[in-house]
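Protein chains in written order, with this note's numbering: chain A, 1 to 344; chain B, 1 to 317. Working notes, structure below.
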C-alpha cells in the first residue's frame, strides 16, 4: 500500500507497567513490564492480528486501545486525535467508536439480562433512538452476527445459549453502535474448534459490511493467517516482527516467530517442512536489561551482542520488518508440500 | 488381546428434564501401547466416556448399557472398593484443567507421594521418595522444585506434574482429557511431544480427548469422531483426516484454519447439536448435514466399512 492512506489508529512508544504487591514474605513490590515502547499503526478497514502467548502483553495492548487502562508512556491517537488520557464525556464519545469483544463469553454477558437487553444496553447508555428504533437495530445486528432468525433469540438468557452463540451475542453488542474500530481479544479460544469458523466469518462480515477496522488478538498463527491482512508478533511486551500475514507466516524472520510456527501441530506428509529449532527448551541466564527481549530463549543469540544491545528494526522484505540483530533481507523458505497440513 | 474394550456402552444422566443420553452405544477398542483420540464438540460425550473408564461418573450419571473391559477385568461391574484398586494403578487420568487438579495448599511432593503410598503399602518412605524423584526427572521438572506449592509452578510445569502423577503407578491406560487446552502453543507442543515419547517408552495405552482434531491427528494412532453421544467415524488418524467420509468429520476438518497450503474458505458447521433428552429416531447429524435425505430423519444410520480399519456411521458415504 502506498503512503497516501491515513492511519486510523496509532500507538507511539506505548508502555504499560504493572506494580506487583509485596507481602510479609517478599518485601517490596516489583514492576512488571506488560508492554514496552510499542509502535503500531492500523489502516482503515484492515484486520490486524496481534499474535503471542499468554503474558506477552497482547491483551494489555487491546485494553489500552479501548482505554480500559491508561498507558504509562507514549501516545495513542485515533484519526489523529490524541486519546491517551481522555476522561469523562470525551472518553464516552471515544467508546462509541471503539468497542471490544472479550475472550470468555461465559463471563462477558450478564446472566440476568435477556439477549435483547444486553445488546440494546449500549444504545440506551448512549441515548440512541427510541425503543422501537432500538429493537430494529438489535434485530439487525443479531442477524449480522449470525443469530437468525433474530426474533428467536431476543427473549432468551445467556444460559440458554451455547458458547458459540454467546460469543455471537457479544459481537452483536460490540457492533450495535457501529464502531469504526473493534478489538477482538481471542474471541475463539474458549470455544470449540468447530465454532471458530463461524466467528471468523462474522468478523469478516463486520469488516466488509460495516467497514470497521479490527484488531484480532490471538495465539494461533493459523487463525491469524486465515483472517488477518497484517500481523504483529509480540513477545514479553515487545513487538518482534510485523508485516503482511502471508509473508510473516511463510517466511518468518524473527526466531520467536519461527518458534511459534514450529510449535503448531503438523500432520500429513511433512518431510519437506523446515523445522527452525530457534527456541531453547530451557532458558539461559538473563542478559543485561538493555539486551534483546528474546535473548534467554533464543537459540541463535550471540552472547555479547544480544545480551547487551537492544536490536533495531530491520526491513526483511517489502513491508515485513523484524526486531533482530540477525534478520537478513530475503531468506524465503520453500512452501510446505501440499499434503502437509499445519493447523491449530 | 486388546488392552481396553468398550462394548455398546451407553451412559445417561438424570436431569430435571428427563434422562439425558450422553453416550449411546459406543464401541471402542485399544491395543497396548496405542493411542486413540476422541474428537468432538463439547457435549458430545467424550469426557463422559473418560469419566466412566475411571469409574468417576457424577452421582446423577450411570452406565445404562454395555460394558467396559480393561485387561480382562470388567470395570463397569466392579463395586466402589474394587474400583479404588484399579483406579490410578491400572488406569490414570490427566485432567482437563491442570490448574485446578492440584490441591493448592499441599506441596507437590506430598501430593505425588500420596497416590503411591495408598496403593503400594509395601513401599517404604525412602523408596516412594526415590520413585517421585525419578518421575520428576522423567517429565523434565527440576528436582529443586519438588517441595514447592502448585501456585509456584507455571501452567506447563503443573501439567508436567500431573503427567508425572498419572505415571506414578505404571498404569496400562492413561486418559488424557484435553491436557493442553489451557496451555500456550509452545508449551502445548512440548507437552504433546513428551507425552508421545513417554507413551512409547512405557508402552502405555492412551485415550486422548480433545475438541481440536489437528492436535489429535498429530499425536494419536487412531481417531474416533464423536457426535451427540455416538461414535460416527473411526479409523487410523491419517485416514480419518485426509480421507474423511462422515459429513461431520469433513466439516470438522474443514472448519479450522491451517498454516500451509491454499487459503481455502473455511466451512462453518451450521446449527447446533441436538438435545439428547428423549429419543432421536434417525441420524443425529441430519439437521446440519449437507447430504440430508428424507430417510436420514427416520432410520438410524448403519456402520459402513470403508476398509478393514476405517468405519463410518452414515448411509450415504
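Each residue gets a CB set at the ideal place from its N, CA and C atoms; glycine is no exception.
DSSP state of residue i mapped onto helix, strand, coil
i                      : result
residue 100 of chain B : helix
residue 75 of chain B  : helix
residue 310 of chain B : strand
residue 55 of chain B  : coil
residue 297 of chain B : helix
residue 138 of chain A : helix
residue 38 of chain B  : strand
residue 17 of chain A  : strand
residue 300 of chain A : coil
residue 12 of chain A  : strand
residue 62 of chain A  : helix
residue 3 of chain A   : Because the pLDDT at residue 3 of chain A is just 45, under 50, the model does not fix this residue reliably, and the value given afterwards should be weighed accordingly. Of the three classes helix, strand and coil, the one that applies to residue 3 of chain A here is coil, per DSSP.
residue 64 of chain B  : strand
residue 363 of chain B : Residue 363 of chain B lies beyond the range of chain B shown here (1 to 317); nothing can be said about it.
residue 254 of chain A : coil
residue 291 of chain A : coil
residue 315 of chain B : coil
residue 106 of chain A : helix
residue 242 of chain A : strand
residue 134 of chain B : helix
residue 194 of chain B : helix
residue 195 of chain A : helix
residue 81 of chain A  : strand
residue 165 of chain A : helix
residue 266 of chain B : coil
residue 165 of chain B : helix
residue 236 of chain B : strand
Residues of its chain near residue i, where Cβ-Cβ distance is below 6 Å and the 5 sequence neighbours each way are ignored
i                      : result
residue 244 of chain B : 250, 253
residue 36 of chain A  : 15, 237, 238
residue 283 of chain B : 296, 301
residue 232 of chain B : 225, 246, 248, 313
residue 270 of chain B : 288
Expected contact under 8 Å - CB spacing of residue i and residue j to nearest Å
i                      : j                      : result
residue 249 of chain A : residue 266 of chain B : About 16 Å; that fails the 8 Å criterion.
residue 177 of chain A : residue 122 of chain A : 5 Å
residue 2 of chain B   : residue 11 of chain B  : Incorrect: roughly 20 Å between the Cβ atoms, too far for contact.
residue 103 of chain A : residue 185 of chain A : 5 Å
residue 7 of chain A   : residue 41 of chain A  : 4 Å
residue 155 of chain A : residue 116 of chain A : 7 Å
residue 318 of chain B : residue 159 of chain B : The first residue shown for chain B is 1 and the last is 317, placing residue 318 of chain B beyond what the model contains.
Beta-carbon proximity of residue i to residue j, cut-off 7 Å
i                      : j                      : result
residue 30 of chain B  : residue 38 of chain B  : no
residue 53 of chain A  : residue 203 of chain B : no
residue 120 of chain A : residue 138 of chain A : yes
residue 171 of chain A : residue 202 of chain A : yes
residue 294 of chain A : residue 226 of chain A : no
residue 180 of chain A : residue 266 of chain A : no
residue 222 of chain A : residue 179 of chain B : no
residue 84 of chain A  : residue 75 of chain A  : yes
residue 109 of chain A : residue 158 of chain A : yes
residue 41 of chain B  : residue 211 of chain B : yes
residue 304 of chain B : residue 317 of chain B : yes
residue 289 of chain B : residue 262 of chain B : no
residue 55 of chain B  : residue 9 of chain B   : no
residue 139 of chain B : residue 168 of chain B : no
residue 108 of chain B : residue 161 of chain B : yes
residue 175 of chain B : residue 207 of chain B : yes
Residue i CB to nearest heavy atom of the ligand COA below 6 Å
i                      : result
residue 198 of chain B : This structure lacks the ligand COA; in fact it carries no ligand of any kind.
Own chain residues within Cβ distance below 8 Å of residue i, not counting five before or after
i                      : result
residue 318 of chain A : 243, 244, 247
residue 198 of chain A : 146, 164, 168
residue 288 of chain A : 307, 308
residue 32 of chain A  : 17, 18, 19, 20
residue 241 of chain B : 213, 217, 223, 253
residue 224 of chain A : 49, 51, 216, 218, 231, 245, 249
Own chain partners of residue i with C-beta closer than 7 Å, once the 5 adjacent residues on each side are dropped
i                      : result
residue 300 of chain A : 255, 278, 326
task: Identify each residue in the stretch 253-275 of chain A for which the Cβ-Cβ distance to at least one residue of chain B is less than 8 Å, and report them in chain order.
output: 259, 260, 261, 262, 263, 264, 265, 266, 267, 268, 273
query: When you check each C-beta in the stretch 266-292 of chain B against every C-beta of chain A, which residues fall closer than 9 Å?
result: 266, 267, 268, 269, 270, 272, 273
- request: Report the residues of the stretch 138-159 of chain A with a CB closer than 7 Å to any CB of chain B, ordered along the chain.
  value: none
field: Cβ-based contacts, 7 Å cut-off: residues of the stretch 135-168 of chain B near chain A
entry: none
- request: Check distances from the C-beta atoms of the stretch 177-195 of chain A to those of chain B and list, in chain order, the residues that come in under 8 Å.
  value: 192, 193, 194, 195
- prompt: Between the stretch 253-265 of chain B and chain A, which residues of the former have CB atoms less than 7 Å from a CB of the latter, in chain order?
  reply: 255, 256, 257, 258, 259, 260, 261, 263
message: Taking beta-carbon pairs under 7 Å, can you tell me which members of the stretch 49-80 of chain A lie near chain B?
response: 53, 54
query: Taking a cut of 7 Å between CB atoms, which residues from the stretch 40-52 of chain B lie near chain A?
result: 41, 42
task: Could you please tell me which residues of the stretch 201-230 of chain A, in chain order, have their CB closer than 8 Å to any CB of chain B?
output: 201, 219, 220, 221, 222, 223, 225, 226, 227
message: Counting only Cβ-Cβ distances shorter than 7 Å, please list the residues of the stretch 216-227 of chain B near chain A, keeping chain order.
response: 217, 218
- prompt: If contact means a Cβ-Cβ distance below 9 Å, which residues of the stretch 242-253 of chain A contact chain B?
  reply: 246, 249, 250
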